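Asker: Quick one: the structure is below, and I'll ask about it shortly.
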Amino acid sequence: MRSTRLVWLLLLAACEIEKIGIPPTQAHVALHGVLSASAPNQVVLLERTRNGTLAVTAPSFEVLDPVLSDEGIAERNAIVSLTTPSGATLIAREDAVARGDGKGRGVYRFSLPGSGLERGGTYRLSVRTTRNELLEAETSVPVGEPAAAPTQRLFDRVQDTIALTWPSAPGARSYVVRIETPFGPRSFFTDTTRVRLTGELRNIDVAGLPRVFIPGFPQAVTVSAVDSNYYDWFRTHSNAIAGTGLVNRIRGGIGVFGALVRLRFDELRVVAPQTEPEAGMFRFVGTPAEVASTPYLSLELYVESRSARADQDHALSGRAQRRPVLGYTGCLTCGVLGTARDGRIELALLSDWYARDTTDVFIGAIRGDTIVGSYRVSGGGVRFVRDR
Amino acid sequence: MRSEEVREVMRGALASIGALGVWLLLIPALVAAQDAGGVVAGRVMARADSASIAPASGAAISIVGTTLGTTTRADGRFVLERLPSGPATVRVRLLGYRVVERPVVARAGDTLRLDVTLEREAQLLSPVRVDAASPDVEAFVSKPNVATLAVDAAAMKGVPGVGEPDVARVVQLLPGVVARNDFNTGLNVRGGEADQNLILLDGHPIYNPFHLGGLFSTFMDATVGGIELMTGAFPARYGGRLSSVLDVQSADDARPGVHASADLSVIGATARMAGAFARERGAWSVAARRTYADAVTSMFTKDIFPYHFRDFHARGTYAAGGGLRLTVTAYAGKDVVDANLAEFQSDSAPSRASEGRWAFDWGNRVLGATITKELGENTTLEQRVSTSRFSTLLDVGDGAFAQRNAVSDIRLAGSLTARNAAHDRSIGYEVARHRVRYASGSSETGATDYDLVQRPTSAAGWVSDLWRLSPRWIVEWGLRAEALTGREWAALSPRLSIKYFATPQLAFTAAAGRATQWMHSMAGDGPLRYFEVWLASDSLTPVATAWHWVAGAERRFGAGASVRLEGYVKRYQRVLEANWSESPHVRGDEFFVAEGRSYGADLHARWQSASGVGGWVSYSYGVSARWRDGMRWAPGHDRRHDVDVIATWRRGKYRFGARFGFATGTPYTPMVGEIARRVYDPSRDSWGTGSSRLWIEPLGGARNAARFPASHRLDLDASRELRFRGATVSPYVSVVNAYNAQNVFIYLYDYSTDAPTRRAISQFPVLPSMGVRVAF
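So the protein sequences, as listed, match chains A and B.
Here the working numbering runs 3 ahead of the position in the first sequence, where the first position is 1.
Here the working numbering runs 371 ahead of the position in the second sequence, where the first position is 1.
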């Protein structure tokens, strides 16, 4: 990934001289499966590698449809079986078949809770596609007790450092530390049983190297013991020029069949000092009728980063409290990302906690302790007054 | 020594002896033909511009039309024995001075006295650098010189450069050398990988003398006096690399006073000061270069260009009394990419204020000293001490991830050479203490992926004999014994070169030798060498070995033209290739061990006429293969045909240069698809959540199964010399790829639609540039 970035930087000196159509190639079956000791059931994703025979689409991501809603070419109607260490064979059902609403194509689910996974035992996966292709792989589940519910804690990005420790897990090839962020997770492997996370940590898995910890956001931190299949697949990359480098242990296809035990699960409520004029808790003010119709009741804002150049904006982050509406099933407290310069602010109001999905944009100005502005989608003139 | 090493050496030695058997069988019959002959002795002095005269050390003395030759000692004296009875012509050459030829009549048992005073060669372009006759003339008559090419500064002038003149670009135009593409000055010599070249600066090793992923070399044009490239079967004094030796010699300027030059090109500025001291017994020079695209960008725009490189070079020589000469060379250079990504001009993102710093730097440091002492009339003692270091640092995200590699050595080397009319016998040694560190981790998280430190010591002893058997035969044999701690490895590497003069202008040559390498780069086989990491052989990483066999012929046409044809075979017992999938937590998986073979033929024709027209034609034919674990492939530098035509023309105050190159394509791996890499979210126990962008990676087909189309390019260069108040001003213009040939650098594939496409990304488009050199 790092190498690829530099290649692209150097390619700026060159230019495209030709673009031609090429014939489609043979598509392979790609398999992504991880046995998780904390999951209610076990899921395997099956899809085709891109070979130029189908145009992939990118609708909004849906967790219930992780292949098709994320530019995948789902492999339907395969026979997916799992042989347990005791010799029992389980057959997975494709979600799209089980649900009946069309979602979950290429998503094969075993009715096998994580608590039922035999630690240290070897599970064998077999896949037979409708084209009679056979994929096989096996994995062993590391020994360890999964952390079920997250431990909540407040994390001041400026002052705090988290020291995470966890017990050693026999059978684990490595441990993966993953921190959820609005821009994408930061994850890395470590062989030790301790790690330290500072508030200033940068996310090198995301373009632009944003900070990992974003004030106003809840951020999950997990530490999981993983087997060698998981470790080797996710630590390797296919070189952009040579097209090699992946460690693939799926016979008859490509991908990963690994195992994971979530040993630590923390959820951080990230905060930071709110000393700047743009930072603080702002509450909507208006008549009862306005309160009854406004989409957002409060804004909790932080200056996430000050601008690097005078002609650029400060970066803002925070959270917004939605007004409860009958029938609305989304988040009531959602993430906010935005900018501020010379008293003007622009806030992207997220549909959840991920930067990729914006519900509305608020554009306004700060006048003393008041923010005045309007929504790009919802419209209206609204006022928020500093609460603290 | 390990038993397999012994077997390898024996196998290789037997093969070499077989290949050269015919030559060896002829030698004894010819030894008897030698007679004692006459002797010519004397002293060579050199006249500087101020009319002061000093002993000329290192001047080449030869008998025209024979292989007899010697060099002058520090006091300028020489003795040349075994002259054939009868009339002969003694030729005296010294870089920067006019060649002197004197007729003599030798008689058996007599000693002729010959004193010569050399005059400075006319200054052709600038007062700083002087032209001299090609040094390969002496090499032709006095050494087997197999697979060896020498180019002096004069011959390099006028060769069009990219942005500015570059010695590495000149080397790429020599036969047997493959340039992967326009963006890479890495040298692939006779089928070898780019890390298999021993690159020396005044005899001191330098690890990775390239800037910007190989786009430029670290050698500043103003500091280079000449180069010598040995493309195979090199003499026993050289070791540690499998494929070639490139010796870059610094330019000396022994004129009295202080002289300065400045070069301004489109990419950077170079300044050099030089002069003589101690009544011209010593000379010094200092030079520095820095690119200025970053400074210009920030001066005129709000944008940033976060890259520059810089070089510093210093050299001093001093000839003390009693035949003692001291030379010191220092070099330091660094590439720096240091960007706060937030400072880039805003794009469509609402704010980039939260973006972080990205730092990447790499560079070399070399400091070396050489002491040469003449012991008596015909014996020279040389002692070298040097330290060389190359380091890289990649810091992504203010310590969120850092990777560093540093390789350094402290080296002692020496030799004792005794010369007489028939032999130049040498014995030497080299001991180097290396330190390698390769570390990766995060200071922000306290996680360490790996932190490898190696401290091997290498030692070598060698003997060699340059044996002038007769006027027709020269044999140079040698034996190099090497050992490495950490691997507990030792080996013997025999070297043998033979030259037979069918006529004074036509010689046939053959050579064989074994080479070993225990420092390896992990840069891989890609089209760019952007992150150089070196590791040493140890208990887990073997020493790479190769055997070279070379045979050829060279025909000279007077002093100004020659044609050389050589064929070669190189067999790798072990060649290491970087493992792209190495695990940071596993030692010993950094390399794959492969075998390989390369063979081919090189043709080199060069000429330099009195009218000012000069140049050369190089043609290289090569075939390379590597194999391991049942897989066989052509390495990425395997180019079948490569032709370069270089012409320079001097007319009055103008100098014109042109280079045309044609090369068949190198192999590449075609992409056959793409995979969407799904990521499991352990906090939600679901797939695909959390990532804001889909992670797509290409899937490669059969390794290097396709080849790029042939490439061709015409480069032009013109300069004019102006005199202005004692200064010489030489503006130049050059055009790289004058007719904008669309040569392919890489292909990019898109399989995301039902109409898949392949885009070709170009090598250099037409690139005009200009610059000026001012010399005082």
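Note that the Cβ used here is the ideal one computed from N, Cα and C, for glycine as well.
Here the structure is a predicted model, which means the values were calculated and not measured.
Taking the beta carbon of S377(A) as the centre, do at least 16 other beta carbons fall within 10 Å, making it buried, or is it exposed?
Answerer: When all chains shown are included, S377(A) counts as exposed.
Asker: Per DSSP, E472(B) is paired with what?
Answerer: BP columns for E472(B) point to R462(B).
Asker: Please classify F1135(B) as buried or exposed, where buried requires at least 16 neighbouring CB atoms within 10 angstroms.
Answerer: Buried is the call here.
Asker: Can you check the region 1065-1099 of chain B for any beta strand (DSSP E) of at least 3 residues that lies completely inside it and give the ranges in chain order?
Answerer: Whole beta strand (DSSP E) segments, 3+ residues: 1067-1071, 1082-1091 and 1093-1095.
Asker: Taking R1049(B) as the query, report the chain A residues whose CB atoms sit under 9 Å from its CB, ordered along the chain.
Answerer: Correct list: A33, H35, L48, E50, P69, V70, D73, G75, G258 and V259.
Asker: Take W655(B) as the anchor and find which of H630(B), T856(B) and V957(B) has the nearest alpha-carbon.
Answerer: Checking every option, the nearest Cα to that of W655(B) belongs to H630(B).
Asker: Here's the rule: buried if 16 or more other CB atoms are within 10 angstroms of the residue's CB, otherwise exposed. What is Q543(B)?
Answerer: Buried.
Asker: Which same chain residues, not among the five before or five after L249(A), have their C-beta less than 6 Å away from its C-beta?
Answerer: T239 and S241.
Asker: Can you list, in chain order, the residues of its chain whose CB lies under 8 Å from that of S1110(B), leaving out five sequence neighbours each side?
Answerer: In the sequence under discussion, the amino acid at residue 1110(B) is Tyr, which differs from the Ser named in the question. For Y1110(B), where only same-chain residues beyond five positions count, the Cβ hits under 8 Å are L1085 and V1137.
Asker: Where does F237(A) sit, in a helix, a strand or coil, going by DSSP?
Answerer: F237(A): helix per DSSP, three-state reduction.
Asker: Only counting the same chain, and skipping five residues up and downstream in sequence, which positions put a Cβ closer than 6 Å to that of A61(A)?
Answerer: E74.
Asker: Under the three-state reduction of DSSP, which class applies to N559(B): helix, strand or coil?
Answerer: It is a strand residue.
Asker: Classify E564(B) as helix, strand or coil using the three-state DSSP reduction.
Answerer: E564(B) falls in the coil class under three-state DSSP.
Asker: Does any C-beta atom of chain A lie closer than 9 Å to the C-beta of D1052(B)?
Answerer: It does: the Cβ of D1052(B) has a partner Cβ on chain A nearer than 9 Å.
Asker: Roughly how many angstroms separate the alpha carbons of V402(B) and L840(B), rounded to a whole number?
Answerer: Since pLDDT at V402(B) reaches only 36, below the 50 mark, its modelled position is unreliable, and no value is offered.
Asker: Return the chain-ordered ranges of every alpha helix (DSSP H) run that is complete within the region 638-673 of chain B and spans a minimum of 4 residues.
Answerer: Counting whole runs of 4 or more residues, the region 638-673 of chain B contains the alpha helix (DSSP H) stretches 664-671.
Asker: Whole angstroms is fine: what's the gap from F683(B)'s alpha carbon to R1003(B)'s?
Answerer: Approximately 44 Å, taken between the alpha carbons.
Asker: Excluding the five sequence neighbours on either side, which residues of its own chain have a C-beta within less than 6 Å of the C-beta of A882(B), listed in chain order?
Answerer: Contacts found: V517, A604, S868 and V921.
Asker: Please decide whether I207(A) counts as near chain B, where near means a Cβ-Cβ distance under 9 Å.
Answerer: Judged by the 9 Å Cβ criterion, I207(A) is in contact with chain B.
Asker: List, in order along the chain, the chain A residues whose C-beta lies closer than 7 Å to that of F772(B)?
Answerer: In chain order: I207.
Asker: Can you pull out the residues from the region 188-200 of chain A whose beta carbon lies closer than 9 Å to at least one beta carbon of chain B?
Answerer: From the region 188-200 of chain A, only P188, R189, S190, F191, F192, T193, D194, T195, R197, V198, R199 and L200 have a Cβ closer than 9 Å to chain B.
Asker: Classify G739(B) as helix, strand or coil using the three-state DSSP reduction.
Answerer: In the structure shown, G739(B) sits in a strand (DSSP, three-state: E or B).
Asker: To the nearest angstrom, how far is the alpha carbon of S428(B) from that of T443(B)?
Answerer: One C-alpha to the other measures close to 5 Å.
Asker: Under a Cβ-count criterion, where at least 16 other Cβ atoms within 10 Å of its own Cβ denotes burial, should R391(A) be classed as buried or exposed?
Answerer: With fewer than 16 other Cβ atoms within 10 Å, it is exposed.
Asker: Here's a check: name, in chain order, each residue in its chain whose Cβ is nearer than 6 Å to the Cβ of A710(B), leaving out the five neighbours to either side.
Answerer: Around A710(B): P677 and W729.
Asker: Assign R927(B) to one of three DSSP states: helix, strand, or coil.
Answerer: Three-state result, R927(B): strand.
Asker: In the DSSP assignment, the alpha helix (DSSP H) including V542(B) goes from what residue to what residue?
Answerer: V542(B) -> alpha helix (DSSP H) spans V538 to V542.
Asker: If I follow the unbroken alpha helix (DSSP H) through V450(B), where does it start and stop?
Answerer: Not the alpha helix (DSSP H): V450(B) falls in the beta strand (DSSP E), residues R448 to L454.
Asker: Would you give the residue range spanned by the alpha helix (DSSP H) that V100(A) belongs to?
Answerer: V100(A) -> alpha helix (DSSP H) spans D98 to R102.
Asker: On the premise that A949(B) lies in contact with M893(B), defined as a C-beta separation below 8 Å, what is that separation, rounded to the nearest angstrom?
Answerer: With a Cβ gap of about 4 Å, M893(B) and A949(B) count as contacting.
Asker: Could you tell me which of R1129(B), S1054(B), W860(B) and E815(B) sits nearest to T201(A), measuring between CA atoms?
Answerer: Nearest option by C-alpha distance: E815(B).
Asker: Taking any Cβ of chain A, which residues in the region 943-966 of chain B have a Cβ under 8 Å from it, in chain order?
Answerer: Answer in chain order: W951, S952, S954, P955 and H956.
Asker: With a threshold of 16 other CB atoms inside 10 Å of the CB of C18(A), please say whether the residue is buried or exposed.
Answerer: Answer is exposed; the Cβ neighbour count stays below 16.
Asker: For L263(A) and S190(A), I'd like the C-alpha separation in whole angstroms.
Answerer: Looking at the two C-alpha atoms, the distance is approximately 14 Å.
Asker: Taking A223(A) as the query, report the chain B residues whose CB atoms sit under 7 Å from its CB, ordered along the chain.
Answerer: Per Cβ cutoff of 7 Å: S1054.
Asker: Taking the Cβ atom as the reference point for each residue, do G1036(B) and R1010(B) lie within a distance shorter than 9 Å?
Answerer: Cβ distance < 9 Å, so G1036(B) and R1010(B) count as in contact.
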